[in-house]
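A.B. asks: Basically the working numbering = 1-based index in the sequence shown + 13.
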Amino acid sequence: MPEARTLGEAPGPRGHWFWGSIQERRHSPLQLFLRAHQEYGDFVRLRMGPTISLLSLTGPELIKHVLVDHADKYGKPAGLVRDAWPVLGNGLFTSSGDFWKRQRRLMQPAFHRERLAALAGSMVEATQQMLAHWRARPSPSTPLDVSAEMMHLTMGIVGRALFSTDVSGTANRVGQALTVALAETNHRILSLGLYAPDFIPTPRNRVFRRALDTLDSVIFDIISRRRAGQTQGDDLLGTLMAAQDADTGERMTDAQLRDEAMTLFLAGHETTANALSWMWHLLAQHPEVEARARAEAERVLGGRAPTAQDIPQLRYLTQVFEETMRLYPPAWITARQPVKEDVLAGVQLPASPRIVVVIPAYALHRNPRLWPDPERFDPERFSPEQSAGRPRMAYLPFGGGQRLCIGNSFALMEATLITALVLQHFRLRAVPGHAVEPEPLVTLRPRGGLPMLVEPLHASA
Ligand code: HEM
């Protein structure tokens, strides 16, 4: 076997002599990853200043190595866990090791298909409420920020799924607190550790603390009322409260329930909202795809509201959503850190906090060896015929391996139901002259929102 290479011998741009590619990482990350992989192939080293290396992967075999075959050697980056900790605590997204394994086992049943089917009704109801607001707008010809609408809708849906109550109203302090918590967590993750620690009472930190206190008090209050009433409810929180470790018989403590509820709340709305926003944008650019998707919704549903049982028939709608997440994966980059020594792509890696292995789904999904003519929007790529034989790790909107998104079926069901309803009653058109561009924060969103013209299809709609 050939000797493993050193980190310094890994392919990649030299960048600035001192900063490496740190400026590009900050100002145009999507282009940085795309270009680096076009030039250097599926394995690229990007220097971030004098001590930190990003190892970026866009080859399915390499990705499988990290996420599946040697997953025990790669953990969530310590910085990410630290930044997300005030909100997510030791929830499923941030935890690791045996604790994560136990929690995942306890929570998985809540996401089984039959359990999810029971949530379809409330997803449809929340969407119908949104459509009623759209219909009642006093000035229907002014553009609407569809991105904000989707955020509001998905927050309402995951709130109901968790607690059986709508928390999304703008007047509602939970919705506002959640928005602050999400924005501050995003800010912390993106500022690479350069923010005032929590014990310094900057105005920003005080607003954050207040938002966390609000969220904590609401969640703990719901839990304690349920414990006092001896009823757990049949929503997600109820399922988490009832979940019992098969070996020890243990149930989750209030603190664990809080962390998991907060994690599902946060992980479960912004990503789906962004994916839906990108889909409306793409459909407006591709009227032939939109017409086919609407025809499918009308053929399957004939004007009625969809149910979970309709989803397998709404195949093209699902393909549209999948193709949207190929071009605009909401979780556009996933990161890991080697926690044990490994040899990756022939390069010897020590366990080190100064090495971050990243999988930029945005660039992977544009790898021309996996996706011919990658910039073309074509939902047929996800037809059973065209999908056959594609490597599993070529398409990772929900991540892969053991840390695969637990909410993927939830999100797919939610998106299909929402799309089927909206398409039957409205047409969303681009605002002439408004340029839509992606903003790669922690998730990939349309920069500055997504104003669109929202037109009812029928006078009575
Ligand atoms: C289109 C929508 C969604 C996208 C694109 C998405 C994407 C992802 C990705 C890429 C990961 C893996 C992160 C990593 O490996 O580091 C993940 C994990 C996770 N997601 Fe999602 N997600 C979506 C919707 C949801 C929903 C609806 C929920 C819950 C209701 C959810 C809950 C979670 C949780 C709890 C994890 C951590 C799982 C673990 O580590 O065991 N997500 N998601």
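Idealized CB from N, CA, C, for every residue including glycine.
(1) Using the Cα positions of L383 and I419, report the straight-line distance between them to the nearest angstrom.
(2) Does the beta-carbon distance from L75 to A358 come in below 8 Å?
(3) What is the DSSP secondary structure of A465, counted as helix, strand or coil?
(4) Mind checking who S66 pairs with in its DSSP beta bridge?
(5) For W9, which of L43, L59, R48, H50 has the nearest alpha-carbon?
(6) Just tell me which of T252, R95, E393, H146 has its CA closest to the CA of G206.
(7) Just the Cα atoms here: how many angstroms apart are A474 and L129?
(8) Identify, in the order they occur along the chain, each residue of the same chain with its Cβ nearer than 8 Å to the Cβ of P363, setting aside the five sequence neighbours on each side.
(9) Could you give the DSSP three-state label for H562: helix, strand or coil?
(10) Whose beta carbon lies closer than 6 Å to any heavy atom of ligand 1, going through the chain in order?
(11) Is F212 buried or exposed, if buried means 16 or more other CB atoms sit within 10 Å of its CB?
(12) Evaluate contact between the segment 212-231 and the segment 149-163, counting only Cβ atoms and requiring at least three cross-stretch pairs below 8 Å.
(13) Shortest alpha-carbon distance to E335 belongs to which of L296, R416, G134, W98?
(14) Only counting the same chain, and skipping five residues up and downstream in sequence, which positions put a Cβ closer than 7 Å to that of L330?
(15) Alpha carbon to alpha carbon, what distance is there between E16 and P24?
(16) Where N380 and S152 are concerned, what is the direct C-alpha to C-alpha distance, given to the nearest angstrom?
(17) Excluding the 5 residues preceding and the 5 following T337 in the sequence, name in chain order all residues of the same chain whose CB lies nearer than 7 Å to its CB.
(18) Determine the closest residue to V171 out of P300, D248, H299, with distance taken between C-alpha atoms.
(19) Just verifying my parser: in three-state terms, what is the DSSP assignment at R173?
(20) Rounding to the nearest angstrom, what Cα-Cα distance links E468 and M426 in this structure?
(21) Looking at the unbroken alpha helix (DSSP H) that takes in F439, where does it start and where does it end?
(22) Mind checking who E452 pairs with in its DSSP beta bridge?
(23) Hey, would you say V79 sits closer than 8 Å to L93, going by beta carbons?
(24) Tell whether a beta-carbon distance below 8 Å holds between R440 and E452.
(25) Would DSSP call L45 helix, strand or coil?
(26) How many Å lie between F233 and Q298 at the Cα?
(27) Give me the Cα-Cα distance between K77 and G414, rounded to the nearest whole angstrom.
(28) Nearest-angstrom Cα distance between H29 and L250?
(29) Name the two residues that bound the continuous alpha helix (DSSP H) containing Q116.
(30) Tell me, to the nearest whole angstrom, how far the beta carbon of R349 is from that of Y87; I am working on the premise that it is less than 8 Å.
(31) For P99 and S422, I'd like the C-alpha separation in whole angstroms.
(32) One question on the structure: do V137 and P404 come within less than 8 Å of each other, judged by their Cβ atoms?
(33) Can you say whether T19 is buried or exposed, counting buried as having 16 or more other CB atoms within 10 angstroms of its CB?
(34) Look at the alpha carbon of E303 and the alpha carbon of Y341, and state the distance between them as a whole number of angstroms.
(35) Which of the three DSSP states, helix, strand or coil, is assigned to T347?
(36) With distance defined between alpha-carbon atoms, name the residue in G104, A190, L132 nearest to S177.
C.D. replies: Taking the definition as stated:
(1) Taking the sequence shown and counting its residues from 1, one reaches residue 383 at position 370. Taking the sequence shown and counting its residues from 1, one reaches residue 419 at position 406. The straight-line gap from Cα to Cα measures roughly 25 Å.
(2) Within the sequence shown, residue 75 is the residue found at index 62, counting from 1. Within the sequence shown, residue 358 is the residue found at index 345, counting from 1. For L75 and A358, yes; Cβs fall inside 8 Å.
(3) By 1-based counting over the sequence shown, the position of residue 465 is 452. What sits at residue 465 in the sequence shown is Met, not Ala. If DSSP states are grouped into helix, strand and coil, M465 belongs with the strands.
(4) Residue numbering aside, residue 66 sits at position 53 when the sequence shown is read from its first letter. According to DSSP, S66 bridges with R60, I368.
(5) In this structure the chain extends from 14 to 474, so residue 9 is not present and cannot be described.
(6) What you label residue 206 is simply residue 193 of the sequence shown in a count that begins at 1. Residue R95 is the option with its Cα nearest to G206.
(7) Position 461 of the sequence shown, counted from the first residue, corresponds to residue 474. Position 116 of the sequence shown, counted from the first residue, corresponds to residue 129. With a pLDDT of only 42 at A474, under 50, the local geometry of the prediction cannot be trusted, and the value read off the model is given with reservation. Answer to the nearest angstrom: the Cα atoms are 29 Å apart.
(8) The count along the sequence shown starts at 1 and reaches residue 363 at position 350. So the list reads P351, E354, once near-sequence residues are dropped.
(9) Because the chain here runs from 14 to 474, residue 562 falls outside it and cannot be looked at.
(10) L105, F106, R117, V171, T276, L277, A280, G281, T284, T285, A288, P343, A344, T347, P410, F411, G412, R416, C418, I419, G420, F423, A424
(11) In the sequence shown, the residue the question calls residue 212 occupies position 199. It counts as exposed.
(12) no
(13) Walking along the sequence shown from the start, residue 335 turns up at place 322. Cα-wise, what sits closest to E335 is L296.
(14) What you label residue 330 is simply residue 317 of the sequence shown in a count that begins at 1. Excluding sequence neighbours, L330 sits near A306, E309, A310, T429, T432, A433.
(15) Within the sequence shown, residue 24 is the residue found at index 11, counting from 1. Within the sequence shown, residue 16 is the residue found at index 3, counting from 1. Spanning the two alpha carbons is a distance of roughly 16 Å.
(16) Here residue 380 refers to the residue found at position 367 when the sequence shown is read from its first residue. Here residue 152 refers to the residue found at position 139 when the sequence shown is read from its first residue. Straight-line Cα distance between these residues: approximately 44 Å.
(17) Sequence index remark: in the sequence shown, residue 337 carries index 324 (1-based). A288, W291, M292, L295.
(18) Along the sequence shown, one-based indexing puts residue 171 at 158. Of the listed residues, the one whose Cα sits closest to V171 is D248.
(19) By one-based count along the sequence shown, residue 173 stands at place 160. Note: R173 maps to helix in three-state DSSP.
(20) Taking the first residue of the sequence shown as 1, we reach residue 468 at position 455. Taking the first residue of the sequence shown as 1, we reach residue 426 at position 413. The alpha-carbon atoms of E468 and M426 are separated by roughly 25 Å.
(21) The residue you call residue 439 lines up with position 426 of the sequence shown. Per DSSP, F439 belongs to no alpha helix (DSSP H); it is in the beta strand (DSSP E), 439-443.
(22) Position 439 of the sequence shown holds residue 452. Note: E452 sits in a beta bridge opposite R458.
(23) Within the sequence shown, numbered from 1, the residue matching residue 79 stands at position 66. Within the sequence shown, numbered from 1, the residue matching residue 93 stands at position 80. Not in contact: V79 and L93 (Cβ atoms no closer than 8 Å).
(24) Residue numbering aside, residue 440 sits at position 427 when the sequence shown is read from its first letter. Residue numbering aside, residue 452 sits at position 439 when the sequence shown is read from its first letter. No, these two residues do not count as a Cβ contact at 8 Å.
(25) The residue labelled residue 45 in the question sits at position 32 within the sequence shown. In the structure shown, L45 sits in a helix (DSSP, three-state: H, G or I).
(26) The residue given as residue 233 occupies position 220 in the sequence shown. The residue given as residue 298 occupies position 285 in the sequence shown. For F233 and Q298, the distance between alpha carbons rounds to 45 Å.
(27) Within the sequence shown, residue 77 is the residue found at index 64, counting from 1. Within the sequence shown, residue 414 is the residue found at index 401, counting from 1. Spanning the two alpha carbons is a distance of roughly 8 Å.
(28) Numbered from 1 along the sequence shown, position 16 holds the residue referred to as residue 29. Numbered from 1 along the sequence shown, position 237 holds the residue referred to as residue 250. Those two C-alpha atoms are separated by around 50 Å.
(29) Here residue 116 corresponds to residue number 103 of the sequence shown, with the count starting at 1. Element bounds for Q116: 110-120.
(30) Sequence index remark: in the sequence shown, residue 349 carries index 336 (1-based). Sequence index remark: in the sequence shown, residue 87 carries index 74 (1-based). Going by Cβ atoms, the distance from R349 to Y87 rounds to 4 Å, so yes, they are a contact pair.
(31) Position 86 of the sequence shown, counting from 1, holds the residue named residue 99. Position 409 of the sequence shown, counting from 1, holds the residue named residue 422. So the alpha carbons of these two residues sit roughly 27 Å apart.
(32) Here residue 137 refers to the residue found at position 124 when the sequence shown is read from its first residue. Here residue 404 refers to the residue found at position 391 when the sequence shown is read from its first residue. For V137 and P404, no; Cβs fall outside 8 Å.
(33) Within the sequence shown, residue 19 is the residue found at index 6, counting from 1. Under this definition T19 is an exposed residue.
(34) As a position in the sequence shown, residue 303 is number 290, starting the count at 1. As a position in the sequence shown, residue 341 is number 328, starting the count at 1. For E303 and Y341, the distance between alpha carbons rounds to 17 Å.
(35) Here residue 347 is taken as the residue at index 334 of the sequence shown, counted from 1. Here T347 sits in strand by DSSP.
(36) Position 164 of the sequence shown, counted from the first residue, corresponds to residue 177. Among G104, A190, L132, the Cα nearest to that of S177 belongs to L132.
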